[in-house]
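Student: One structure, as structure tokens, below. Some questions next.
Residue numbers (this note's numbering): 16 to 91.
And the structure:
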């Protein structure tokens with residue numbers, strides 16, 4: 016059985032930094048660690064040297080975006 020497009024996209028971004036737009040208008044960013052059942056697991060920075068893994072059900076996610084590459088040279 017084929018996976019929904021959002022789950023396919025998530026699997027292709029495993030291990031990469033992503034931005035996730037949620038249906039409630041909020042957004043989160045972190046490293047996409049795992050796609051399991053109907054959830055994403057994202058490692059997010061808390062503060063100082065602390066990180067935590069949060070999980071988000073696909074039903075709450077509007078889209079997933081890979082982080083862009085840094086551009087060389089000065090940024091204005």
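C-beta atoms are modelled at their ideal positions from N, C-alpha and C, and glycine is treated no differently.
Residue 75: which of 27, 46, 54, 29 sits nearest, CA to CA?
Tutor: 54
Student: Where are the beta strand (DSSP E) runs, 3 residues long or more, that stay fully inside the stretch 22 to 56, in chain order?
Tutor: The stretch 22 to 56 contains these whole beta strand (DSSP E) runs: 32 to 37, 42 to 51.
Student: Evaluate contact between the stretch 17 to 24 and the stretch 34 to 43, counting only Cβ atoms and requiring at least three cross-stretch pairs below 8 Å.
Tutor: Three or more Cβ pairs closer than 8 Å define a contact, and the stretch 17 to 24 falls short of that threshold against the stretch 34 to 43.
Student: What three-state label does DSSP hand residue 82 in the structure shown?
Tutor: coil
Student: Measuring CB to CB, does residue 80 end up less than 8 Å from residue 33?
Tutor: yes
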